[in-house]
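Engineer: Residue numbers (the working numbering), protein chains in the order written: chain A, 7 to 339; chain B, 7 to 339.
There are 2 protein chains.
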Amino acid sequence: MNASNRLSPNKRLALTDMPEKAKNSTDLVAVGTPELTFARSPLGQRLLDLQNSGSRSNRAIAEYLLRNPLRIPAIGIEELASRTGVSAATLSRFARAAGFDGYAELRAAAADSLLGMLQPVEKLRSSIQSSAGKSGGANVLVSGLEASVNNVRSAAESLDPKALTTIVSLISRANEVYTLGFGLSSHLASILALDLQPFCARLTNVVEFGGTEVAAGRLLNIGKRDVLIVLSFPRYATDAIRLTSYARTRGAKIVAITDSPASPLAQLADYLLFAPANHPVLSSGLSAALVVVEALVSALMISNPDNVKQASKLTDAIAAYLVDGTDTHSRKS
Amino acid sequence: MNASNRLSPNKRLALTDMPEKAKNSTDLVAVGTPELTFARSPLGQRLLDLQNSGSRSNRAIAEYLLRNPLRIPAIGIEELASRTGVSAATLSRFARAAGFDGYAELRAAAADSLLGMLQPVEKLRSSIQSSAGKSGGANVLVSGLEASVNNVRSAAESLDPKALTTIVSLISRANEVYTLGFGLSSHLASILALDLQPFCARLTNVVEFGGTEVAAGRLLNIGKRDVLIVLSFPRYATDAIRLTSYARTRGAKIVAITDSPASPLAQLADYLLFAPANHPVLSSGLSAALVVVEALVSALMISNPDNVKQASKLTDAIAAYLVDGTDTHSRKS
DNA sequence: GTACATTTGAAAAAATATTTTCATAAACAC
DNA sequence: GTGTTTATGAAAATATTTTTTCAAATGTAC
Chain A
7 MNASNRLSPN KRLALTDMPE KAKNSTDLVA VGTPELTFAR SPLGQRLLDL QNSGSRSNRA
67 IAEYLLRNPL RIPAIGIEEL ASRTGVSAAT LSRFARAAGF DGYAELRAAA ADSLLGMLQP
127 VEKLRSSIQS SAGKSGGANV LVSGLEASVN NVRSAAESLD PKALTTIVSL ISRANEVYTL
187 GFGLSSHLAS ILALDLQPFC ARLTNVVEFG GTEVAAGRLL NIGKRDVLIV LSFPRYATDA
247 IRLTSYARTR GAKIVAITDS PASPLAQLAD YLLFAPANHP VLSSGLSAAL VVVEALVSAL
307 MISNPDNVKQ ASKLTDAIAA YLVDGTDTHS RKS
Chain B
7 MNASNRLSPN KRLALTDMPE KAKNSTDLVA VGTPELTFAR SPLGQRLLDL QNSGSRSNRA
67 IAEYLLRNPL RIPAIGIEEL ASRTGVSAAT LSRFARAAGF DGYAELRAAA ADSLLGMLQP
127 VEKLRSSIQS SAGKSGGANV LVSGLEASVN NVRSAAESLD PKALTTIVSL ISRANEVYTL
187 GFGLSSHLAS ILALDLQPFC ARLTNVVEFG GTEVAAGRLL NIGKRDVLIV LSFPRYATDA
247 IRLTSYARTR GAKIVAITDS PASPLAQLAD YLLFAPANHP VLSSGLSAAL VVVEALVSAL
307 MISNPDNVKQ ASKLTDAIAA YLVDGTDTHS RKS
């Protein structure tokens, strides 16, 4: 399996599949998110300034505006106040601080900026290539990005919520949950373990940083009522396969996240989740795998309303270490 | 900033706005001019009706709105009155005729339609397996997958190869390269470090599994000729910000991978790479971040033909531990 | 610690925007 | 033509939004 082989199935991007007429037309919408484009506009820059220089609430306001530029024209000062958690009075003053005559003018300026963002914009391929014309390497880079987008989309589209539900109830009922991955996959396994922690009384991430030999020991006592979630991608680490085989012989339920039905894990698993890992340069692009991991965690969280609370509780305990300690989520990153 | 806030910009999908034929396609939402897209929206349809059925002024109003949809959210009834040449009273009645509670609601509806148009949102919803129908949770799940796909695409589209090239040469010339991330981002930092290893003589992953206190020590001697690559996403870990500030004071070059220009890292970094992290359930979806990391590594690899060889050499040394020891890539997963 | 400056929210005041009223004008039926 | 219906704008009435005021809280300098 070489690079060109891996890329080829995805070579034809949705982009190039677009009807011809669309190609030169005034297709809408910017490169990147509206948020990123907005930040580049003059108004965005002013807001960024205020985000640095201003007072606590001014920073909060600037941040909200930068993150939700599309809403600005549509909402009034009161609603914005409640969304940003400051008073309308402060917002009124903020508008002046930003150099406007009042909130109305700020809002008008925002609307203008957004208008400007609606310039006809080329799509991924052309926009990237244009600035990278000379070096042949740029094409590879674009291919890599394209491949990543496709991997993620394929994974998302082929993910079966039913299977996810089954796996979630499996995890919920398990005596102990094990996560396993080697090499790069070990980090995905760790992320999975970290996210799973609030919901699993007993949870073991088999490979804690490099300790390949110790890993087997951690898995030694896996049994019938346990679940092993294993991740492996090309080039598949033999240890992952071997340990999974072992867990299988011990009667554990196996959930595998891997790239293809042709993966050596496919035969060993009771439940399979696929995350394509095509990449022109790297042996595996793991972004889709991360999407699948996050989907699994999401499914687990929403499977039970209590879980969300539980996750929040955990968060509160570490809130002090976060820049923004005000919201109720569980993931620090 | 909470989950609903984060999700909300994407809440209203353009799905329902699209002509039937497009529903199952993978096209971007907004193709054509904003005006045309707006005309296809439910609100646009209503206006078209009124344009045919209504009285003289109603036709004039409907036409103006259809031709200038982008202005609607920004202007009040009086200004619209003067632009369309009718009185405010007529506009007020027009809004009712269109089925709204009043002008305010009409304007809000217009803002919503436009918001939907500005989201280059792809419609996975229909393409994701239909079994999702029953449970309410499935929608959240689908939203999560949609968000991930959009994050990844946004990241890909807004990634500037030039910036990447600059960063690559920075890394190549650096005396020592540091990678830094806390919480979930620590795993991304580890992946980055693992991938960078073959190309960096001196490389330090500051946070090796949880050791928060030791981390500062590892960064202590960072200096002018060094590069710090830091990753942080909501909810931003204060430690990441603090250590980055420290590195900055020591004169190190800072490369930040974060979610938004409003991120606290944005002000500290010399070079910024954006990876949107929107997610309806999790506080951050990190798949796009992984795409950016992989793009950076790819760029580094292809920047110099020798690098590929170098990566291969390393691989050969560990080939014995891989299921398929025949190819020439560097990543075991 | 105290004094001073800054920031903030609640509520009053002002400004603005929207709706309703009402008189008139236009359109239509006959 | 007249009577009737419908549509309209001006202005009053109402509702909403925005700004200002002011007292309290917070932060800062000494």
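Cβ coordinates follow ideal geometry from the N, Cα and C atoms, glycine included. Please read these numbers as outputs of a predicted model, since none were measured by experiment.
Flag this pair as touching only if the segment 267-282 of chain B and the segment 288-301 of chain A have three or more C-beta atom pairs under 8 Å; answer yes or no.
Structural biologist: No, because fewer than three Cβ pairs between the segment 267-282 of chain B and the segment 288-301 of chain A fall closer than 8 Å, the two stretches do not touch.
Engineer: If we ignore side chains and look at the alpha-carbon of each, how far apart do V303 of chain A and T250 of chain B end up?
Structural biologist: Along the first sequence, read from residue 1 onward, the residue named residue 303 of chain A stands at position 297. Along the second sequence, read from residue 1 onward, the residue named residue 250 of chain B stands at position 244. Approximately 30 Å between the Cα atoms of the pair.
Engineer: Would you mind telling me which residues of chain A sit closer than 8 Å to R231 of chain B, beta carbon to beta carbon, in chain order?
Structural biologist: Numbered from 1 along the second sequence, position 225 holds the residue referred to as residue 231 of chain B. The premise fails here: R231 of chain B is roughly 25 Å from chain A at the closest Cβ pair, so nothing lies under 8 Å.
Engineer: Taking A262 of chain B as part of the beta strand (DSSP E), name the residues at either end of that continuous run.
Structural biologist: On the second sequence, position 256 is the one that residue 262 of chain B refers to. Unbroken beta strand (DSSP E) run through A262 of chain B: 259-264.
Engineer: If you follow the beta strand (DSSP E) that F280 of chain B is part of, which residue opens it and which one closes it?
Structural biologist: If you number the second sequence from 1, residue 280 of chain B lands on position 274. Unbroken beta strand (DSSP E) run through F280 of chain B: 277-280.
Engineer: For V303 of chain B and chain A, any beta-carbon pair shorter than 8 Å?
Structural biologist: Along the second sequence, read from residue 1 onward, the residue named residue 303 of chain B stands at position 297. For V303 of chain B, the answer is yes, since a Cβ of chain A falls inside 8 Å of its Cβ.
Engineer: For Q125 of chain A, does the count of other Cβ atoms within 10 angstroms reach 16, so buried, or fall short, so exposed?
Structural biologist: Position 119 of the first sequence, counted from the start, is the residue given in the question as residue 125 of chain A. For Q125 of chain A, the predicted structure reports a pLDDT of 47, less than 50, and the residue's modelled location is therefore unreliable. The matter cannot be settled from this model.
Engineer: Would you verify that the beta carbon of R159 of chain A is, or is not, closer than 8 Å to some beta carbon of chain B?
Structural biologist: Taking the first sequence and counting its residues from 1, one reaches residue 159 of chain A at position 153. Judged by the 8 Å Cβ criterion, R159 of chain A is in contact with chain B.
Engineer: Please list, in chain order, the chain A residues whose beta carbon lies closer than 8 Å to that of L147 of chain B.
Structural biologist: Taking the second sequence and counting its residues from 1, one reaches residue 147 of chain B at position 141. Within chain A, the residues near L147 of chain B are P167, L170, A301, S304, A305, I308.
Engineer: Return the residues of the segment 187-198 of chain B that lie within a Cβ-Cβ distance of less than 9 Å from chain A, sorted by chain order.
Structural biologist: Taking 9 Å as the Cβ-Cβ cut-off against chain A, the residues of the segment 187-198 of chain B that qualify are G187, F188, G189, L190, S191, S192, H193, L194, S196, I197.
Engineer: A114 of chain B versus chain A: which residues are under 8 Å apart at the beta carbon?
Structural biologist: Here residue 114 of chain B refers to the residue found at position 108 of the second sequence. Those are A80, listed as they occur along chain A.
Engineer: What first and last residue would you give for the beta strand (DSSP E) that runs through N64 of chain A?
Structural biologist: Locating residue 64 of chain A in the first sequence gives position 58, where the first residue counts as 1. N64 of chain A -> not in any beta strand (DSSP E); alpha helix (DSSP H) instead, spanning 62-73.
Engineer: Within 8 Å of any Cβ in chain B, is that where the Cβ of G223 of chain A sits?
Structural biologist: Taking the first residue of the first sequence as 1, we reach residue 223 of chain A at position 217. It does not: the Cβ of G223 of chain A has no partner Cβ on chain B nearer than 8 Å.
Engineer: So, using beta-carbon positions, are V233 of chain B and G187 of chain B closer together than 8 Å?
Structural biologist: Along the second sequence, one-based indexing puts residue 233 of chain B at 227. Along the second sequence, one-based indexing puts residue 187 of chain B at 181. It is not a contact, given that the beta carbons lie outside the stated cut-off.
Engineer: Taking the runs of the alpha helix (DSSP H) that are 4 residues or longer, which of them lie wholly in the segment 189-242 of chain A?
Structural biologist: Runs found: 190-202, 218-225.
Engineer: Can the beta-carbon of V174 of chain B be found closer than 8 Å to that of L306 of chain B?
Structural biologist: Position 168 of the second sequence holds residue 174 of chain B. Position 300 of the second sequence holds residue 306 of chain B. It is a contact, given that the beta carbons lie within the stated cut-off.
Engineer: Taking the CB atoms as reference points, tell me whether L121 of chain A and V298 of chain A lie closer together than 8 Å.
Structural biologist: Locating residue 121 of chain A in the first sequence gives position 115, counting from the first residue. Locating residue 298 of chain A in the first sequence gives position 292, counting from the first residue. Not closer than 8 Å, so no.
Engineer: If you run the structure through DSSP and keep just helix, strand and coil, what is L34 of chain B?
Structural biologist: Mapped onto the second sequence, residue 34 of chain B falls at position 28. Its pLDDT being 35, under 50, L34 of chain B is placed unreliably in this model, and the value from its coordinates should be taken loosely. Coil.
Engineer: Chain B partners of L73 of chain A, CB-CB under 7 Å?
Structural biologist: The residue given as residue 73 of chain A occupies position 67 in the first sequence. Residue identity check: residue 73 of chain A is Arg in the sequence provided, not Leu. Under the 7 Å cutoff, chain B gives S266, A268.
Engineer: What does a CB cutoff of less than 6 Å around A258 of chain B pick up in its chain, not counting 5 residues either side in sequence?
Structural biologist: Start at 1 with the first residue of the second sequence, and residue 258 of chain B comes out as number 252. If we look at A258 of chain B and ignore the five residues flanking it on each side, its Cβ neighbours are I228, D232, L234.
Engineer: Of all the options A:D201, A:Q203, A:T171, A:L190, which has the alpha carbon lying nearest to the alpha carbon of L200 of chain B?
Structural biologist: In the second sequence, the residue the question calls residue 200 of chain B occupies position 194. Closest by alpha carbon: A:L190.
Engineer: Can you find a CB in chain A that lies within less than 8 Å of the CB of R212 of chain B?
Structural biologist: As a working note, residue 212 of chain B is residue 206 in the second sequence. This sequence places Val at residue 212 of chain B; Arg is not what is there. Answer no: the Cβ-Cβ gap between V212 of chain B and chain A never drops below 8 Å.
Engineer: Output the boundary residues of the beta strand (DSSP E) element that contains L288 of chain B.
Structural biologist: Numbered from 1 along the second sequence, position 282 holds the residue referred to as residue 288 of chain B. It is not in any beta strand (DSSP E) - L288 of chain B carries neither H nor E in the DSSP assignment.
Engineer: I want to see whether chain B comes within less than 8 Å of G108 of chain A, judged by CB atoms only; does it?
Structural biologist: Position 102 of the first sequence, counting from 1, holds the residue named residue 108 of chain A. Taking Cβ atoms only, chain B never reaches closer than 8 Å to G108 of chain A, which makes this a no.
Engineer: Determine the DSSP secondary structure at G150 of chain B, reduced to helix, strand or coil.
Structural biologist: Here residue 150 of chain B corresponds to residue number 144 of the second sequence, with the count starting at 1. Helix.
Engineer: Counting only Cβ pairs nearer than 7 Å, list the residues of chain B close to G291 of chain A.
Structural biologist: Residue mapping note: residue 291 of chain A aligns to position 285 of the first sequence, counting from 1. Per Cβ cutoff of 7 Å: E300.
Engineer: What first and last residue would you give for the beta strand (DSSP E) that runs through L186 of chain A?
Structural biologist: In the first sequence, counting from the first residue as 1, residue 186 of chain A sits at position 180. Unbroken beta strand (DSSP E) run through L186 of chain A: 183-187.
Engineer: So, is the C-beta of D276 of chain B closer than 8 Å to a C-beta in chain A?
Structural biologist: Residue numbering aside, residue 276 of chain B sits at position 270 when the second sequence is read from its first letter. False, the Cβ-Cβ gap to chain A never drops below 8 Å.
Engineer: A95 of chain B lies in the alpha helix (DSSP H); which residues open and close that run?
Structural biologist: Residue numbering aside, residue 95 of chain B sits at position 89 when the second sequence is read from its first letter. Start and end: 94-103.
Engineer: State the CB to CB distance for the pair N64 of chain B and L56 of chain B, rounded to an integer number of angstroms; the pair is presumed to be in contact (CB under 8 Å).
Structural biologist: Here residue 64 of chain B corresponds to residue number 58 of the second sequence, with the count starting at 1. Here residue 56 of chain B corresponds to residue number 50 of the second sequence, with the count starting at 1. The Cβ separation is near 5 Å, so the contact holds.
Engineer: With a 10 Å radius around its C-beta and 16 neighbouring C-beta atoms as the bar for buried, classify E163 of chain B as buried or exposed.
Structural biologist: As a position in the second sequence, residue 163 of chain B is number 157, starting the count at 1. Buried, since its Cβ has 16 or more Cβ neighbours within 10 Å.
Engineer: In or out: R179 of chain A buried (at least 16 other Cβ within 10 Å) or exposed?
Structural biologist: If you number the first sequence from 1, residue 179 of chain A lands on position 173. R179 of chain A is exposed by the Cβ-count criterion.
Engineer: Check the Cβ-Cβ distances between V220 of chain A and every residue of chain B, and say whether any is below 8 Å.
Structural biologist: Position 214 of the first sequence, counted from the first residue, corresponds to residue 220 of chain A. For V220 of chain A, the answer is no, since every Cβ of chain B falls outside 8 Å of its Cβ.
Engineer: Put F106 of chain A into one of helix, strand or coil per three-state DSSP.
Structural biologist: Taking the first residue of the first sequence as 1, we reach residue 106 of chain A at position 100. Residue state, collapsed to three classes: coil.
Engineer: Once DSSP output is grouped into helix, strand and coil, what is the label at A325 of chain B?
Structural biologist: As a working note, residue 325 of chain B is residue 319 in the second sequence. Caution is warranted here: a pLDDT of 46 is assigned to A325 of chain B, below 50, making its placement in the model unreliable, and the coordinate value is therefore given only provisionally. Correct three-state label for A325 of chain B: helix.
Engineer: For V155 of chain A and chain B, any beta-carbon pair shorter than 8 Å?
Structural biologist: For the purposes of this step, residue 155 of chain A is taken as residue 149 along the first sequence, with counting starting at 1. It does: the Cβ of V155 of chain A has a partner Cβ on chain B nearer than 8 Å.
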